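Participant: Got a structure for you, questions after.
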Amino acid sequence: MLQFRRLLFCAVLLLPASVSLTEGAMDESEIRFLTEGVDGIGPSGIPGPLCVFGQNAATVLAGREGNTPAPFLAAAKFGKGRVIAFGHDGYLNDEVFLANDGTRRLATNIFQWLSGENKTPRIAVFRNPGFADFIVTLCPEVHKLDNLADFDPEEFQILVIHGAQVPLDQIERISKFVSDGGSLYTGALGWGWLQVTGKTDLKTEHPGNLLLAPMGIVWADGYLATTAEKDGMRLFAADPDGPPKLLNVTEALAAIGGHENGTKKLEPPQIALAVATIERGIRSIPAEQAAVFDSLKPFLDREVIPAPNHRIRREMASDVLAIGMQTQKYLLEQKTTGIPPDGIPALPAGNDFPGAVPEDAKIVSKRIEIDTRTADWHSTGLYAAPGKTVTITLPAGLAPPQGASISVRIGCHSDRLWGLAEWHRFPEITIEIPCRNAVTKVANPFGGLVYVVVPRNFNRGKISIQIDGGVEAPLYVYGQTSLEDWKNVLRNAPAPWGELASDRVILSLPSQHLRGLDDPDKVMEFWNKILDSDVDLCGGPLERNRPERIVCDRQISAGYMHAGYPVMTHLDVEKEFVNLRNNPEKGWGFYHEFGHNHQSRDWTFEGTSEVTVNLFTLYNIHQLGIDRAAAHPEQRPERRERKRNDYFEAGSPFERWKSDPFLALVMYTDIIDEFGWEPFQAVFREYRDLRNAQRPRNDAEKRDQWMVRLSRGLDKNLGPYFDRWGVPVSRDAKDSIKELPVWMPY
849 MLQFRRLLFC
859 AVLLLPASVS
869 LTEGAMDESE
879 IRFLTEGVDG
889 IGPSGIPGPL
899 CVFGQNAATV
909 LAGREGNTPA
919 PFLAAAKFGK
929 GRVIAFGHDG
939 YLNDEVFLAN
949 DGTRRLATNI
959 FQWLSGENKT
969 PRIAVFRNPG
979 FADFIVTLCP
989 EVHKLDNLAD
999 FDPEEFQILV
1009 IHGAQVPLDQ
1019 IERISKFVSD
1029 GGSLYTGALG
1039 WGWLQVTGKT
1049 DLKTEHPGNL
1059 LLAPMGIVWA
1069 DGYLATTAEK
1079 DGMRLFAADP
1089 DGPPKLLNVT
1099 EALAAIGGHE
1109 NGTKKLEPPQ
1119 IALAVATIER
1129 GIRSIPAEQA
1139 AVFDSLKPFL
1149 DREVIPAPNH
1159 RIRREMASDV
1169 LAIGMQTQKY
1179 LLEQKTTGIP
1189 PDGIPALPAG
1199 NDFPGAVPED
1209 AKIVSKRIEI
1219 DTRTADWHST
1229 GLYAAPGKTV
1239 TITLPAGLAP
1249 PQGASISVRI
1259 GCHSDRLWGL
1269 AEWHRFPEIT
1279 IEIPCRNAVT
1289 KVANPFGGLV
1299 YVVVPRNFNR
1309 GKISIQIDGG
1319 VEAPLYVYGQ
1329 TSLEDWKNVL
1339 RNAPAPWGEL
1349 ASDRVILSLP
1359 SQHLRGLDDP
1369 DKVMEFWNKI
1379 LDSDVDLCGG
1389 PLERNRPERI
1399 VCDRQISAGY
1409 MHAGYPVMTH
1419 LDVEKEFVNL
1429 RNNPEKGWGF
1439 YHEFGHNHQS
1449 RDWTFEGTSE
1459 VTVNLFTLYN
1469 IHQLGIDRAA
1479 AHPEQRPERR
1489 ERKRNDYFEA
1499 GSPFERWKSD
1509 PFLALVMYTD
1519 IIDEFGWEPF
1529 QAVFREYRDL
1539 RNAQRPRNDA
1549 EKRDQWMVRL
1559 SRGLDKNLGP
1569 YFDRWGVPVS
1579 RDAKDSIKEL
1589 PVWMPY
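Following this line, the structure appears as structure tokens:
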């Protein structure tokens, strides 16, 4: 069947066609050509947005970033050549294009457009033999490349390359190939690249952006959702009228300018879209192309202070543009162009949050000892006042000329809020700068706690770092700080934020909740118990590679709390940080998010991300001696029984099971109630020690392995139990445990 679909696709593409479209600026006829016969295309993973700007680039298909459209597929003209770029690298995969009719037709249109007048183009595919084999079914002249040094621009008309795999030394050569009349097909993922590489700047470090920025397309940070559904499949829909012109930064700037001077009135939804596009451009377009924003320079002087009682929404154009320009100029440019920190002002929004320091606060110099065997953020007990320069001096010979380096970070509120519909603070308020020289200066217009950041596997032993320019912040380190020093000196430090730290976890919260704290050791003993409980369940060592972190913030990027490094939560729970030991039954959310940080993909299959995490929550509650019914209403026996019975009466539909985390959790807790926690601990340790070749490769294998391994851990046949719950497992998996006695409690 697959081969038939390939041949059918090939026949469609190789129909005689002559594509004679305009050179120079992209126009609507070319968008119509690319989307002709396409009602929508299927997603690949979680795509990210593109940023499109200039007259020679245009959005072809859009997704949604939050509630706002954003470019997902873009096309551009560059010199005599043409470019196609996707917001996900999955579109360099043949199976994606064979998924539905719309996606197949889109590929036909794309390669015809890239071919121009050439009916049989020669195509070079870089380091993607599977996609090359697929393209052979579309166009017979395909060559696989492992080294771009073998790429002859005179020999080929189209180059296919992953946007994040563009060799830096080949950017100029590829750019000239396109400018001279060649075509480029590419895809990549902004957020995924940041996550995988650990880098922080798409503008200056992403190789695809370095190549495509002069062409009017760059990959931006963020996530995209599909825009339509057909026959049960989510799609990026093709708009019959074409995507909104306001998805182009240049068009959006012109529209906002016309609206501001009264020559062209925009409706509120148009204002919101134009502003979102411009804001995306401000944070995504490199400095070399940033002249497009010259008309926005007056917004640098506009005072904007987002707050819970003054929320900045997309349609508040002037405020949003001011926020974007000030963030770019005074925060982001330090990372990209090395703007001298002496020119960074103290923004009024920073004095509001995270907060100013008292005018009489003493500026100090402090020498910090760092153990580089521990990666990521190291607390210093210092706070940088908004706009004030902090100087970091490394030991002689430590700053490498290239490769990984220690960084300095100002600010713990690391969530970026750009994609949200409204802002209660500036959407980005922290900065992290690599220390590429012996002396590094940095300032943050918002201020914040100062950290030394150690890259992973740095391993230079213990080092001493000099920090000048900060003010003292409350910092209690469990097992190191004396209670006398804490009560008499440290908790009264003038900075507005402080921390409680151990080798298990570090809590960042407003200093006002620390200054009256008499027993920080008891607070940290409680949190240490929670984190030790997590590793006790999953079978990890108590000694961690780094402490976990949790930060409370005025506004976070998603949810009431979310997992990560750090775990993020809201200010309304800041008192619970230090009081939870007295009311541990109120800690479900905290236990849940730290549980996410200990989950394993090997035993978390589709539909159980919010289920297996609560095994950690429940184990924390068990270890604390709390009645779990008091910790969450869904754990009351009568609710669990009602969910179970209603589900069984409905025929155990697996889709319902996957969509209701507390229903699915009943399947796990019924086992725990019968057999206790020890079998889970043993099975989790078994997973931890698996060789890579033994790990499940897909969702079906995850379900099979979980059923088999847990059955053997219990010495019970759980095949019928999984059937009763409607969780699909294979016949082979069931047969492998058929010698065990069946356990069926219902």
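Heads up: the sequence shown begins at 849 in the working numbering, then just goes up one per residue.
Ideal placement from N, C-alpha and C gives every residue a C-beta, glycine not left out.
If you're wondering where the values come from, they're calculated on a predicted model, not measured in any experiment.
Apart from the five residues just before and just after K818, which ones in its own chain have a Cβ nearer than 7 Å to its Cβ?
Facilitator: This structure cannot speak to residue 818, because the chain is shown only from 849 to 1594.
Participant: Going along the chain, which residues of its own chain have a beta-carbon closer than 6 Å to the beta-carbon of C1260, five neighbours each way excluded?
Facilitator: Within the sequence shown, residue 1260 is the residue found at index 412, counting from 1. Cβ within range, chain order: L1297, S1356 and V1399.
Participant: Alpha carbon to alpha carbon, how far is E1136 from G978?
Facilitator: What you label residue 1136 is simply residue 288 of the sequence shown in a count that begins at 1. What you label residue 978 is simply residue 130 of the sequence shown in a count that begins at 1. Cα to Cα, E1136 sits roughly 36 Å from G978.
Participant: Taking A1068 as the reference, which of H1446, K1491, M1592 and F934 has the closest Cα?
Facilitator: Taking the sequence shown and counting its residues from 1, the one referred to as residue 1068 is at position 220. Per the Cα distances, F934.
Participant: Does the segment 996 to 1016 come close enough to the segment 963 to 974 to have 3 or more Cβ pairs within less than 8 Å?
Facilitator: Contact between the segment 996 to 1016 and the segment 963 to 974 is present, because at least three Cβ pairs lie under 8 Å.
Participant: Would you kindly work out how many angstroms separate the C-alpha atoms of R1557 and G1455, rounded to a whole number?
Facilitator: The residue labelled residue 1557 in the question sits at position 709 within the sequence shown. The residue labelled residue 1455 in the question sits at position 607 within the sequence shown. Whole-angstrom Cα-Cα distance: 19 Å.
Participant: Tell me the residue span of the alpha helix (DSSP H) that contains G1038.
Facilitator: Here residue 1038 is taken as the residue at index 190 of the sequence shown, counted from 1. Per DSSP, G1038 belongs to the alpha helix (DSSP H) from G1038 to T1045.
Participant: Going by C-alpha to C-alpha distance, which of T1517, R1082 and L1472 sits closest to R1487?
Facilitator: By one-based count along the sequence shown, residue 1487 stands at place 639. For the residues T1517, R1082 and L1472, the minimum Cα distance to R1487 belongs to T1517.
Participant: If distances are taken between C-alpha atoms only, which option among G1388, I983 and R975 comes closest to L993?
Facilitator: To locate residue 993, count along the sequence shown from 1; it is residue 145. Nearest C-alpha to L993: R975.
Participant: From G1435 to H1470, what does the alpha carbon distance come to, in whole angstroms?
Facilitator: Along the sequence shown, one-based indexing puts residue 1435 at 587. Along the sequence shown, one-based indexing puts residue 1470 at 622. Straight-line Cα distance between these residues: approximately 13 Å.
Participant: Is it buried or exposed, K1564, if we count other Cβ atoms within 10 angstroms and call 16 or more buried?
Facilitator: For the purposes of this step, residue 1564 is identified with residue 716 of the sequence shown, where counting begins at 1. Counting Cβ neighbours within 10 Å, K1564 comes out buried, since at least 16 surround it.
Participant: Go to P1116, then tell me how far its alpha helix (DSSP H) extends in each direction, as first and last residue.
Facilitator: Counting from 1 along the sequence shown, the entry for residue 1116 is found at position 268. First-last of the alpha helix (DSSP H) with P1116: P1116 to S1132.
Participant: So does the segment 1303 to 1319 actually touch the segment 1208 to 1218, counting three or more Cβ pairs closer than 8 Å?
Facilitator: Yes, the segment 1303 to 1319 touches the segment 1208 to 1218.
Participant: What separation, rounded to the nearest whole angstrom, lies between the Cα atoms of L869 and E876?
Facilitator: Numbered from its first residue, the sequence shown carries residue 869 at position 21. Numbered from its first residue, the sequence shown carries residue 876 at position 28. Low confidence applies to L869: its pLDDT is 48, below 50, so where it sits in the model is not reliable enough to give any reading.
Participant: Taking the runs of the alpha helix (DSSP H) that are 4 residues or longer, which of them lie wholly in the segment 1264 to 1303?
Facilitator: Here no run is fully enclosed.
Participant: Alpha carbon to alpha carbon, how far is N1340 from R1363? Give it in angstroms, no decimals.
Facilitator: Residue mapping note: residue 1363 aligns to position 515 of the sequence shown, counting from 1. Residue mapping note: residue 1340 aligns to position 492 of the sequence shown, counting from 1. Roughly 6 Å between the two C-alpha positions.
Participant: Using a 10 Å radius around the Cβ and a threshold of 16 neighbouring Cβ atoms, would you call Q1182 buried or exposed?
Facilitator: For the purposes of this step, residue 1182 is taken as residue 334 along the sequence shown, with counting starting at 1. Buried, by the Cβ-count rule.
Participant: Considering only the beta carbon of each residue, do E989 and T968 sit closer than 7 Å?
Facilitator: Mapped onto the sequence shown, residue 989 falls at position 141. Mapped onto the sequence shown, residue 968 falls at position 120. Taking 7 Å as the Cβ cut-off, E989 and T968 qualify as a contacting pair.
Participant: Where L1050 and K1370 are concerned, what is the direct C-alpha to C-alpha distance, given to the nearest angstrom?
Facilitator: Position 202 of the sequence shown, counted from the first residue, corresponds to residue 1050. Position 522 of the sequence shown, counted from the first residue, corresponds to residue 1370. If I take the Cα positions, the gap works out to 43 Å.
Participant: I need the straight-line Cα distance from E1458 to P1509, nearest angstrom please.
Facilitator: The residue labelled residue 1458 in the question sits at position 610 within the sequence shown. The residue labelled residue 1509 in the question sits at position 661 within the sequence shown. When rounded, the distance between both Cα atoms is 6 Å.
Participant: Who are I1218's beta bridge partners in DSSP?
Facilitator: In the sequence shown, residue 1218 corresponds to position 370, counting from 1. I1311.
Participant: Are at least three pairs of beta-carbons, each pair with one atom in the segment 1381 to 1399 and one in the segment 1233 to 1246, less than 8 Å apart?
Facilitator: Counting Cβ pairs under 8 Å, fewer than three are found: no touch.
Participant: Can you name, in chain order, every residue of its own chain whose Cβ lies under 6 Å from the Cβ of R854, other than the five neighbours on each side?
Facilitator: As a position in the sequence shown, residue 854 is number 6, starting the count at 1. Legend: pLDDT at R854 = 38, less than 50; position of this residue unreliable, value from coordinates given subsequently. Excluding residues within five positions, the ones whose Cβ falls inside 6 Å are T985.
Participant: Are the Cβ atoms of A1631 and A1321 separated by less than 7 Å?
Facilitator: The requested residue 1631 does not occur in the structure, where the chain is confined to residues 849 to 1594.
Participant: Checking 7 Å against the spacing of the C-beta atoms, do A905 and G1040 come in under that value?
Facilitator: In the sequence shown, counting from the first residue as 1, residue 905 sits at position 57. In the sequence shown, counting from the first residue as 1, residue 1040 sits at position 192. No, Cβ-Cβ distance for A905 and G1040 is not below 7 Å.
Participant: Verify whether the separation of the beta carbon atoms of V908 and R953 is less than 7 Å.
Facilitator: In the sequence shown, residue 908 corresponds to position 60, counting from 1. In the sequence shown, residue 953 corresponds to position 105, counting from 1. In this structure, R953 does not lie closer than 7 Å to V908 by Cβ.
Participant: What is the DSSP secondary structure of I1104, counted as helix, strand or coil?
Facilitator: By 1-based counting over the sequence shown, the position of residue 1104 is 256. Of the three classes helix, strand and coil, the one that applies to I1104 here is helix, per DSSP.
Participant: Using DSSP bridges, identify the partner residues of D1401.
Facilitator: In the sequence shown, the residue the question calls residue 1401 occupies position 553. Per DSSP, H1418.
Participant: Taking only the alpha-carbon atoms, compute the straight-line gap between F1025 and V931 and give it to the nearest angstrom.
Facilitator: As a position in the sequence shown, residue 1025 is number 177, starting the count at 1. As a position in the sequence shown, residue 931 is number 83, starting the count at 1. Distance between the alpha carbons of F1025 and V931: 11 Å.
Participant: Please confirm whether P1234 and G1267 have their CB atoms less than 7 Å apart.
Facilitator: Working through the sequence shown from its first residue, we reach residue 1234 at position 386. Working through the sequence shown from its first residue, we reach residue 1267 at position 419. Cβ distance not < 7 Å, so P1234 and G1267 don't count as in contact.
Participant: Spatial neighbours of R1551 within its chain, please: C-beta separation below 7 Å, excluding the five flanking residues on both sides.
Facilitator: Counting from 1 along the sequence shown, the entry for residue 1551 is found at position 703. The residues are F1453, V1575, P1576 and V1577.
Participant: Quick check for students: name the residue ranges of the beta strand (DSSP E) that lie wholly in the segment 1553 to 1587, counting only runs of 3 or more.
Facilitator: List check, beta strand (DSSP E) in window: nothing returned.
Participant: Can you list, in chain order, the residues of its chain whose CB lies under 6 Å from that of T883, leaving out five sequence neighbours each side?
Facilitator: Here the question's residue 883 lines up with position 35 in the sequence shown. Here the set comprises A1086.
Participant: Inspect the beta-carbon positions of F793 and T1074 and report whether they are closer than 7 Å.
Facilitator: Look at the range of the chain in this structure, 849 to 1594, and you will see that residue 793 is not part of it.
Participant: So, helix, strand or coil for T1175, using DSSP?
Facilitator: Counting from one through the sequence shown, the residue named residue 1175 turns up at place 327. Three-state DSSP puts T1175 in a helix.
Participant: Apply the 10 Å Cβ neighbour rule to Y1594 and answer buried if 16 or more other Cβ atoms are within range, or exposed otherwise.
Facilitator: Counted from its first residue, the sequence shown places residue 1594 at position 746. That one is exposed.
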